[in-house]
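Novice:
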Amino acid sequence: MLLITGVVAAAILIVAVLPVIWGMVGTFSSASASTDTRMRTDFKIVTTYGKYISGTGYGGSAVTVWMKNVGTARVGKSEIESADVYLGRTTDFARAAIVSPSSAVVGRTANKWNLTMVGDLNGNNIWENGETLQVDAFYVSSSSLSGQSMYFQFTLPSGVSRSLEFTSI
Numbered sequence: 810m811l812l813i814t815g816v817v818a819a820a821i822l823i824v825a826v827l828p829v830i831w832g833m834v835g836t837f838s839s840a841s842a843s844t845d846t847r848m849r850t851d852f853k854i855v856t857t858y859g860k861y862i863s864g865t866g867y868g869g870s871a872v873t874v875w876m877k878n879v880g881t882a883r884v885g886k887s888e889i890e891s892a893d894v895y896l897g898r899t900t901d902f903a904r905a906a907i908v909s910p911s912s913a914v915v916g917r918t919a920n921k922w923n924l925t926m927v928g929d930l931n932g933n934n935i936w937e938n939g940e941t942l943q944v945d946a947f948y949v950s951s952s953s954l955s956g957q958s959m960y961f962q963f964t965l966p967s968g969v970s971r972s973l974e975f976t977s978i
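In our numbering, the protein residues as written are 810 to 978.
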């Protein structure tokens, strides 16, 4: 009788606990894969250039930022196009929308950005270690930004981001 009770108890325990263990294994492996990707993804803002442009019906700062992939993870063009770009005065910045296709000219009527893979060494549209990405953006402003302190932040969908403050000329 004790043997039968022990076998039934062990079966109930296995049926109840095993799915929970497998669920936790899936969660842990998913979390570790995400963490691994974030740890291997790294990029550096190499330099930036911002110039105030005024004209009829628009005014703002045209900004160009060059970034180098210094991590071991490869970042696809679709991931880069899903990135968030924040730009503006250090005290008043906004999220810019991407211009698609990326070869289109950034208009000067709204906060927009696009990208050029200037250092795509093998032409595969993947941002790999050592390659350079150029981001062109325009921040709309009703007042002159010449000599103003500007803020730029680039955030990949994985959450890895870099930011920089610079002076617009």
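We put the beta carbon where it would ideally sit given N, CA and C, even for glycine.
Answer yes or no: do Ser952 and Tyr960 have a C-beta to C-beta separation smaller than 8 angstroms?
Specialist: As a first step, residue 952 is located in the sequence shown; it is residue number 143 there, counting from the start. As a first step, residue 960 is located in the sequence shown; it is residue number 151 there, counting from the start. Contact flag unset, no.
Novice: State buried or exposed for Val922, treating a residue as buried only when at least 16 other CB atoms are found within 10 Å of its CB.
Specialist: By one-based count along the sequence shown, residue 922 stands at place 113. Residue 922 is actually Trp in this sequence, not Val. Result: buried.
Novice: Counting Cβ pairs, one atom from each stretch, are 3 or more of them under 8 angstroms apart for the region 925-937 and the region 898-910?
Specialist: In short, these stretches do not touch, since the Cβ pair count stays below three.
Novice: How long is the line joining the alpha carbons of Trp936 and Gly815, rounded to whole angstroms?
Specialist: Position 127 of the sequence shown holds residue 936. Position 6 of the sequence shown holds residue 815. C-alpha separation (whole angstroms): 58 angstroms.
Novice: Check for me: the alpha helix (DSSP H) holding Ile889 runs from which residue to which?
Specialist: By 1-based counting over the sequence shown, the position of residue 889 is 80. Element bounds for Ile889: Lys886 to Glu890.
Novice: Buried or exposed, going by whether 16 or more other CB atoms sit within 10 Å of the CB of Val829?
Specialist: Taking the sequence shown and counting its residues from 1, the one referred to as residue 829 is at position 20. Exposed: under 16 other Cβ atoms inside 10 Å.
Novice: Look at Ala882 and Arg849 and say whether their C-beta atoms are less than 8 angstroms apart.
Specialist: Against the sequence shown, residue 882 aligns to sequence position 73. Against the sequence shown, residue 849 aligns to sequence position 40. Contact: yes.
Novice: Please name the residue, chosen from Glu890, Gly897 and Val855, that lies closest to Gly868 on a Cα-to-Cα basis.
Specialist: On the sequence shown, position 59 is the one that residue 868 refers to. Among Glu890, Gly897 and Val855, the Cα nearest to that of Gly868 is on Gly897.
Novice: Going by CA-CA distance only, name the one from Ser958, Asn878, Ala946 and Val855 that's closest to Thr900.
Specialist: Counting from one through the sequence shown, the residue named residue 900 turns up at place 91. The shortest C-alpha separation from Thr900 is found at Ser958.
Novice: Label Tyr861 either buried or exposed according to how many other C-beta atoms from any shown protein chain fall within 10 Å of its C-beta, with 16 as the threshold for buried.
Specialist: Stepping through the sequence shown from its first residue, residue 861 is reached at position 52. It counts as buried.
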